[in-house]
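Each remark here refers to the structure printed beneath this line.
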Amino acid sequence: MPVVWFRRDLRLRDNPAVHEAAAGGADVVPLFVLDDALWGPAGSNRRSFLIGCLRALDESLDGRLVVRRGDPVRVVAEVANGGPVFAAEDFGPYGVRRDDAVVEAGVDLRLVGSSYAVPPGEIASGAGTPYKVFTPFSKAWRRHGWPAPLPAPRSVRWASLDGDAMPDAPRTEADLPEAGEEAGRRAARRFWDHRLADYAEARDRPDVDGSSRLSPYLRWGCLHPRQLLAKLGRSTNDAVFRTELCWREFYADVLFHDPDSSRRSWTPSMRGMRVDDGKRADARFDAWAAGQTGFPLVDAGMRQLRAEGWMHNRVRMLAASFLVKDLHVDWTRGARHFMQHLVDGDLASNAHGWQWVAGTGTDASPYVRVFNPVTQSKRFDPDGAYIRRYVPELRDVEAPAVHEPWKLARRLSGYPAPIVDHDEERREALRRFEERSGR
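Numbering-wise (the numbering used here), the sequence shown opens with residue 67 and increments by one.
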């Protein structure tokens, strides 16, 4: 019997692997392997959302999803029993190694499709080298194009096979989105109906929540980017959202060509940047992680991360800049913290998003650009609505005072004073950059 090995494609619509497996008319085994190499490092938010996605997929398969826990090399070989295994290609560092090992074990693994509109490694510059800058990549990506989405397959005969018990979703304090393919489709409809028309401007405003909120569904393949791209037109808002989808594909391409860039700076000259460690750095990191820095927009973002397993992208950039350039902590430590909590935690997007802010990656923001937490707060949360939503100590403080509460004549109960002087730490960050560059 053919096997569909679900990984990051937890849906039936627009799933080439399902179509290929069912094409011959034989009973198909739907398999998901709980791999400890991936399950172990994942935080409770991502684990919980994954279990929700698996339960939703199992329901759509009439309870036939076979969940097995263990080493994929052994498990896939046992379930396939010599038959073909169809799966979407995985381009992540671990996924590539795992699939190579499965093939070496003698499994007839047939990789069909991927999690991307344009698979990593498929487009290159005129010189035949990987793109290192986003804009030319995006132009080549649009020229390359992608196929239309596939419908859900009809009349697939799903085989019955024993599996392990589905694990319970881990306990989490975060209020996570509803999981699964149908939940993803509903979230997409909400975006089309209520947010896309203002997306170009509203996406940068955490106070109005104008982002798509589709990243968790893309992360686990409850939605495929093809399905979203197929609905986009020619308006400015459509073009901006298309570009955001392209950033996800660009970072996947970068990681594919340089797998080590998930844990070290992509730009060699930035690897010598002096960073802080020791007890003081640990204390500052803990304050940042807890949303206790005394800078309201930074703290609101870090508390949203804990409350929802998600953070608005504009605030992600500010929080990352604050850790790297105000607290002088290595970007990899912040990236690991985000991956521990983000329900949409994606290795490529997370690592290279951090590197963009830290000035260490492809197409990076110049290191000398240091986000000012007060200026960002006044510009993108002008009335302080986002701050007050996540920082209850400031619920009675109106704008503009909410952006700089340390200037209030009265003392605020329970909210800390700023842990650093931003202007002083900005100058220190620039000194370290000049020290590294030898200027």
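We put the beta carbon where it would ideally sit given N, CA and C, even for glycine.
Residue from Val95, Trp397, Ala465, Gln370 with nearest C-alpha to Asp228: Each of Val95, Trp397, Ala465, Gln370 was checked against the Cα of Asp228, and the nearest Cα belongs to Val95.
What would DSSP say about Val184, mapped onto helix, strand or coil? Note: Val184 maps to coil in three-state DSSP.
Per DSSP, Ala153 forms a beta bridge with which residues? Paired residues: Leu177.
So for Phe115, helix, strand or coil by DSSP? Looking at Phe115 - three-state DSSP - the assignment turns out to be helix.
Length at least 4, wholly inside the segment 320-371: the alpha helix (DSSP H) runs in chain order: For the segment 320-371, the continuous alpha helix (DSSP H) assignments of 4+ residues that do not extend past its boundaries occur at 345-356, in sequence order.
DSSP-derived helix/strand/coil call for Val94: Three-state DSSP puts Val94 in a strand.
Measure the alpha-carbon distance for Asp487 versus Ala495 and round it to whole angstroms. Going from the Cα of Asp487 to the Cα of Ala495 covers about 12 Å.
Among Val440, Pro185, Val178, nearest to Ala89 - alpha-carbon criterion: Answer by Cα proximity: Val178.
To which residues of the same chain is Ala92 closer than 8 Å at the C-beta, ignoring the five residues directly before and after it? Cβ neighbours of Ala92 within its own chain (closer than 8 Å, five residues either side excluded): Met67, Pro68, Arg223.
Expected contact under 8 Å - CB spacing of Arg308 and Ala218 to nearest Å: Your pair Arg308 and Ala218 does not check out as a contact, with CB atoms roughly 24 Å apart and the cut at 8 Å.
Tell me where the beta strand (DSSP E) around Val145 begins and ends. DSSP places Val145 in no beta strand (DSSP E) but in the uninterrupted alpha helix (DSSP H) bounded by 138-146.
Do you know offhand how far Leu116's Cα is from Ala143's? Approximately 23 Å between the Cα atoms of the pair.
Are Lys473 and Ala467 close, meaning C-beta to C-beta below 8 Å? Contact: yes.
Please name the residue, chosen from Gln421, Asn111, Glu170, that lies closest to Pro574 on a Cα-to-Cα basis. With the chain covering 67 to 505 only, the question about residue 574 has no answer from this structure.
With DSSP as the reference, label Arg134 as helix, strand or coil. Looking at Arg134 - three-state DSSP - the assignment turns out to be strand.
The beta strand (DSSP E) spanning Phe72 covers which residue range? For Phe72, the enclosing beta strand (DSSP E) starts and ends at 69-72.
Counterpart residues of Trp224 in DSSP-defined beta bridges: Trp224 has Val94 as its beta-bridge partners, per DSSP.
Per DSSP, what kind of secondary structure is Val99 in: helix, strand or coil? In the three-state reduction of the DSSP assignment, Val99 falls in the strand class.
Backbone CA spacing between Pro186 and Phe157 [nearest angstrom]: Distance between the alpha carbons of Pro186 and Phe157: 7 Å.
Quick one: what does DSSP say Ser277 is sitting in, helix, strand or coil? In the three-state DSSP reduction, Ser277 falls in the coil class, being neither helix nor strand.
Rounded straight-line distance, which links the Cα of Leu298 to that of Ser204: Ser204 and Leu298 have their C-alpha atoms roughly 16 Å apart.
Below 8 Å, how does it come out for the segment 115-130 and the segment 145-152: are there three or more Cβ pairs, yes or no? Judged by Cβ distances under 8 Å, the segment 115-130 makes no contact with the segment 145-152, as fewer than three pairs qualify.
By how many angstroms is the C-alpha of Val395 removed from the C-alpha of Asp343? Spanning the two alpha carbons is a distance of roughly 7 Å.
Three or more beta-carbon pairs under 8 Å between the segment 423-437 and the segment 368-388, yes or no? Yes, the segment 423-437 is in contact with the segment 368-388.
Let's test the definition: count the other Cβ atoms within 10 Å of the Cβ of Glu247 and tell me whether it reaches 16, buried, or not, exposed. Looking at its Cβ environment, which holds 16 or more other Cβ atoms inside 10 Å, Glu247 is buried.
By the three-class DSSP mapping on this structure, what secondary structure does Tyr481 have? Of the three classes helix, strand and coil, the one that applies to Tyr481 here is coil, per DSSP.
Say whether the segment 398-406 touches the segment 268-276, bearing in mind that this needs 3 or more beta-carbon pairs closer than 8 Å, one atom from each stretch. Flag = no, the segment 398-406 and the segment 268-276 do not touch.
Cβ-Cβ distance between Leu97 and Arg134 below 8 Å: Their beta carbons are under 8 Å apart, which means Leu97 touches Arg134 by this criterion.
Please look up how many angstroms separate the CB atoms of Val341 and Trp376, rounded, as I've assumed it's under 8 Å. So it is not a contact: roughly 27 Å between Cβ atoms.
With distance defined between alpha-carbon atoms, name the residue in Leu120, Met368, Arg208 nearest to Ala305. Of the candidates Leu120, Met368, Arg208, the one whose C-alpha sits nearest the C-alpha of Ala305 is Arg208.
Closest Cα partner of Glu267 within the set Arg380, Phe322, Asp429: Ranked by how close their Cα comes to the Cα of Glu267, the residues Arg380, Phe322, Asp429 have Arg380 in first place.
From Asp365 to Glu459, what does the alpha carbon distance come to, in whole angstroms? Asp365 and Glu459 have their alpha carbons spaced roughly 11 Å apart.
Rounded to whole angstroms, how far is the Cβ of Gly400 from the Cβ of Pro482, which I believe are closer than 8 Å? Taking a contact as a CB-CB distance under 8 Å, the pair Gly400 and Pro482 does not count as one, their CB atoms being some 20 Å apart.
Comparing the CB of Glu315 with every heavy atom of the ligand PLP, is any distance shorter than 7 Å? By its list of ligands, the structure shown contains no ligand whatsoever, and the ligand PLP lies outside what it can speak to.
Span separating the alpha-carbon of Arg372 from that of Trp397: For Arg372 and Trp397, the distance between alpha carbons rounds to 19 Å.
Collapsed DSSP secondary structure at Leu496 in the structure displayed: In the three-state scheme derived from DSSP, where H, G and I count as helix and E and B as strand, Leu496 is classed as helix.
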